[in-house]
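Chains as they are written, first to last, in the working numbering: chain A, 94 to 280; chain B, 94 to 280. Each residue gets a CB set at the ideal place from its N, CA and C atoms; glycine is no exception. What follows is one structure encoded as structure tokens, with my remarks underneath.
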């Protein structure tokens, strides 16, 4: 398991995902996570409101990284190209988190309540991308459609990425998914 | 307020939406809804598990009607054309429910918990359309992308439809939204 951050939050995330993998998400307690990370429960609650938040704490970073990519897109890019400009930094962000993402995906697939939460997070992400597009002068309709399409492309590629072995494949899988979207929507 | 069904369920829905419009969703009780409909609370609970379900009881019908359209699409239609084949019967279904839809949209926009529920219902709809496409031989990736795009097109058009005065405009608004999607995703 890669410990991508030497800080307390990173240690807690690594410890949590190790324990979820070993003994299941439901069976793991906050006390066990803190103990495995060599920290206290008090420290755990400084970073996460509950066990579930360990799984969703990356969503803020995902949104920030995606929006940075959107902000850096050329001014003359089409709405979908602007959205897709976020996929490079997103792929980079996820590459070193392949193990975490794979185990996390297994937990979420098995839990309808977590699936709903995931869905809402993705919807919030689409809303933020839409707002960024509108700020760039894209019409609200085109912005919703492009943002939603981009998030679906991401989601489809993500599901493939966690199921295969190469952590570096995410960018390619997103390009394939984007290409498929273009083919599906072609008149 | 149009009472599109003479049966108990339709009367309860009409009574509920009238009361929601007059005095607000939060302030309305099941007892008041039943009374306005000339029925008992007991009858209300035969049709709806709670007040909230009045707002979402149409989602099964939406899904059924959309999937009937999908099933009737020509075998050689592209995945998005198959999805779009559901939009005709869907527009027809909604035309006589413009008042209900408009009042309902106002309630949902003001309530984050209802928005989440709406989101999950739309996601379930996309999942059902995806499954129907896969059954028709469409690849799972193309099926997710087309189904999701179709539901977004519907959702965007719906938001415009409830905000304008012509109940018969829904089909045209969906076509415009579909056209915009094609333009946004064109390479």
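By the three-class DSSP mapping on this structure, what secondary structure does residue 189 of chain B have?
coil
Could you tell me whether the Cβ of residue 173 of chain A comes closer than 7 Å to any Cβ of chain B?
yes
Short CB-CB distance (under 7 Å) between residue 104 of chain A and chain B:
no
Around the Cβ of residue 278 of chain B, are there at least 16 other Cβ atoms within 10 angstroms (buried) or fewer (exposed)?
buried
With 16 other CB atoms within 10 Å as the buried threshold, where does residue 95 of chain B fall?
Annotation note: pLDDT 45 at residue 95 of chain B (below 50); position unreliable, no value reported.
Could you list which residues in chain B have their beta carbon closer than 7 Å to that of residue 273 of chain A, in chain order?
234, 235 and 238
Considering only the alpha carbon of each residue, which of A:176, A:187 and A:128 lies closest to residue 220 of chain A?
A:176
Pull out every residue of the region 126-141 of chain B whose Cβ sits closer than 7 Å to any Cβ of chain A, in chain order.
none
At the level of alpha carbons, what is the spacing between residue 233 of chain B and residue 217 of chain B?
16 Å
7 Å CB neighbourhood of residue 97 of chain A in its chain, flanking five on each side removed:
Only weak support is given to the placement of residue 97 of chain A: the predicted model assigns it a pLDDT of 48, under 50, and the question is left unresolved by the model.
Alpha helix (DSSP H) containing residue 268 of chain A: first to last residue?
263-278
Going by C-alpha to C-alpha distance, which of B:148, B:240, B:140 and B:161 sits closest to residue 118 of chain B?
B:148
Please report how far the alpha carbon of residue 157 of chain B lies from the alpha carbon of residue 182 of chain B, in whole angstroms.
10 Å
For residue 168 of chain B and chain A, any beta-carbon pair shorter than 7 Å?
no
Give the residues of chain E in contact with residue 277 of chain B, contact being defined as C-beta atoms less than 8 Å apart.
Looking at the structure shown, chain E is missing, and the protein chains on hand are A and B.
Of the listed residues A:271, A:243 and A:266, nearest to residue 215 of chain A (C-alpha basis)
A:243
Should residue 167 of chain A be listed as close to the ligand ZN, given that the test is whether its C-beta is under 6 Å from any heavy atom?
Summarising the ligand content, the structure contains no ligands, and the ligand ZN is consequently not present.
Taking the alpha helix (DSSP H) that residue 217 of chain A falls in, what are its first and last residues?
205-228
Selection of the region 205-222 of chain B by Cβ proximity to chain A, strictly under 7 Å:
209, 212, 213 and 216
Using a Cβ-Cβ cutoff of less than 8 Å, which residues in the same chain neighbour residue 202 of chain B once the five nearest sequence positions on both sides are dropped?
208
CB of residue 200 of chain B within 7 Å of CB of residue 137 of chain B, strictly
no
Closer than 7 Å to chain A by CB, residue 249 of chain B
yes
Three-state secondary structure (DSSP) at residue 117 of chain B?
coil
Using CA coordinates, which residue listed in A:265, A:257, A:144 and A:269 is at the minimum distance from residue 184 of chain A?
A:265
Mapping the DSSP letters down to three states, classify residue 141 of chain B as helix, strand or coil.
coil
Using beta carbons (cut-off 7 Å, strictly below), is residue 245 of chain B in contact with chain A?
yes
Extent of the continuous alpha helix (DSSP H) to which residue 172 of chain A belongs
172-177
Please report the straight-line C-alpha distance between residue 192 of chain B and residue 245 of chain A, rounded to a whole angstrom.
32 Å
Neighbour-count burial assignment, residue 230 of chain B, 16 or more Cβ in a 10 Å radius
exposed
Going along the chain, which residues of its own chain have a beta-carbon closer than 6 Å to the beta-carbon of residue 133 of chain B, five neighbours each way excluded?
127
Continuous alpha helix (DSSP H) stretch holding residue 233 of chain A: start and end:
233-256
Tell me the DSSP secondary structure of residue 96 of chain A in three-state form.
Annotation note: pLDDT 46 at residue 96 of chain A (below 50); position unreliable, coordinate value reported separately. Three-state result, residue 96 of chain A: coil.
Mapping the DSSP letters down to three states, classify residue 132 of chain A as helix, strand or coil.
coil
Beta-carbon separation (whole angstroms), residue 250 of chain B vs residue 267 of chain B, contact threshold 8 Å:
4 Å
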